[in-house]
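Asker:
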Amino acid sequence: MGVDERGLLRRCAELFEREPRLLELDAERLERAVFVGDTHGDLDASERVLERFLKPKTALVFLGDYVDRGPRSRENVQTLLKAKLEHPDRVYLLQGNHEGFKAMPFSPADFWEGLEPELRALYADVLAKLPYAVALPSGVLGLHGALPAVDSLQALNEIEVGSEAWRAITWGDWQDVDAKFLGDWGGRLQFGRAHFEEQMARFGMRVLVRSHQPDAPPYLFDDRCLTIFTSHAYGLRDRTVAIAPLRGDVRTARDLALERV
Ligand SMILES: [Mn+2]
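Every number in our numbering is 3 more than the matching position in the sequence shown, counting from 1.
1. Which stretch, first to last residue, makes up the alpha helix (DSSP H) that contains A120?
2. Going by Cα to Cα distance, which pick from G175, Y95, F224, G117 is closest to R77?
3. Less than 6 Å separating the Cβ of G99 from some heavy atom of ligand 1?
4. Return helix, strand or coil for M4, following the three-state DSSP convention.
5. Do we get a CB-CB distance below 7 Å when we pair G142 with the residues of chain E?
6. In whole angstroms, what separates the C-alpha of D41 from that of L28?
7. Using CA atoms only, rank isn't needed, just tell me which of S166, L192, A168 is closest to Q178.
8. Here's the rule: buried if 16 or more other CB atoms are within 10 angstroms of the residue's CB, otherwise exposed. What is L259?
9. On the DSSP bridge assignment, give the partners of I246 in chain order.
10. Among H215, D71, V143, whose alpha-carbon lies nearest the alpha-carbon of D226?
11. Give the single residue among L211, F184, A127 whose Cα lies nearest to the Cα of H198.
12. Does ligand 1 have a heavy atom nearer than 6 Å to the CB of D113?
13. Is D68 near ligand 1 - that is, is its Cβ less than 6 Å away from at least one heavy atom of it?
14. Give, in chain order, every unbroken run of the beta strand (DSSP E) that is at least 3 residues long and sits entirely within the region 29 to 101.
15. Out of F65, A16, D47, point me to the one whose CA is closest to H215's CA.
16. Beta carbon of A16, beta carbon of L53: below 7 Å?
17. Determine the DSSP secondary structure at Q202, reduced to helix, strand or coil.
18. Count Cβ pairs between the region 97 to 113 and the region 48 to 62 that sit closer than 8 Å; are there 3 or more?
19. In the DSSP output, which residue or residues are listed as bridge partners for Q297?
20. Indicate the three-state DSSP secondary structure (helix, strand or coil) for L12 in the structure shown.
21. Relative to the C-alpha of V137, which residue among R35, A106, A182, H235 is closest?
22. In the structure shown, what three-state DSSP assignment does E27 receive?
23. In the structure shown, what three-state DSSP assignment does L146 receive?
24. Assign V180 to one of two classes, buried (16 or more other C-beta atoms within 10 Å of its C-beta) or exposed (fewer than that).
25. Per DSSP, what kind of secondary structure is F232 in: helix, strand or coil?
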């Protein structure tokens, strides 16, 4: 690709060290946030999103899972890291389970398994530094999977990579049941409505936008939990982004605009 890959990773590592795990976006500076679901090696999806939505007053929030599954993982993650370096105050890259390979390796993992060991370790170190969540003043929270059982939104800043709370964020699924917790299904923690409502109340948030679970119903829990997916890696499903305002109150995820890319 003609890029200094190691240099790119080192500069990104320094940048991510300065970002908190919870990014609280400022309505004085930004008007809207565009949430992007898993891109999973779909470079075309990321390029379209950057071309269409990288604009003044707009935050681009990528919800994790940049690598594996799709054919162009390495170019996809490099493109996103370069965009982050060029526009650090408008591009936000959150951590998905596929970026948490260092703490919780999994298989198949074509991107990770295809790297030589030294470069694999470097990518693993850098991507484990990615933040976990974005919160908007309008009451919208974005993260990869499910909600951690911590006491407050600010407590997300203290969550350690590899911990149970980290696993909820990066590996957590939602099921449309009234229960709180259904167990660990092959490494994926399963949560229900009671956990969703309890944690959203603790966090003072109305709407969750997340990705990770392509077969989940798009709207769950009285339309307060929206699942989007922005990759052709699993076939020709729509690639969707969700657009949220930073000002005003967002009541449900139906208040967010969906667009195809
Ligand atoms: Mn995922």
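Even glycine gets a Cβ: it sits at the ideal position worked out from N, Cα and C.
Computed from a prediction, not measured in an experiment: that's the story for all the values here.
Answerer: Let me spell this out:
1. For the record, residue 120 in the displayed sequence is Pro; it is not Ala. Per DSSP, P120 belongs to the alpha helix (DSSP H) from 120 to 130.
2. G117
3. yes
4. With a pLDDT of 47 at M4, under the threshold of 50, the modelled position of this residue cannot be trusted; read the value that follows with caution. Residue state, collapsed to three classes: coil.
5. The chain inventory of the structure shown lacks chain E, comprising one protein chain alone.
6. 21 Å
7. L192
8. buried
9. V37, A260
10. V143
11. F184
12. no
13. yes
14. 35 to 39, 61 to 65, 94 to 96
15. F65
16. no
17. helix
18. no
19. This structure cannot settle anything about residue 297, because the visible part of the chain is limited to 4 through 264.
20. helix
21. R35
22. strand
23. strand
24. exposed
25. strand
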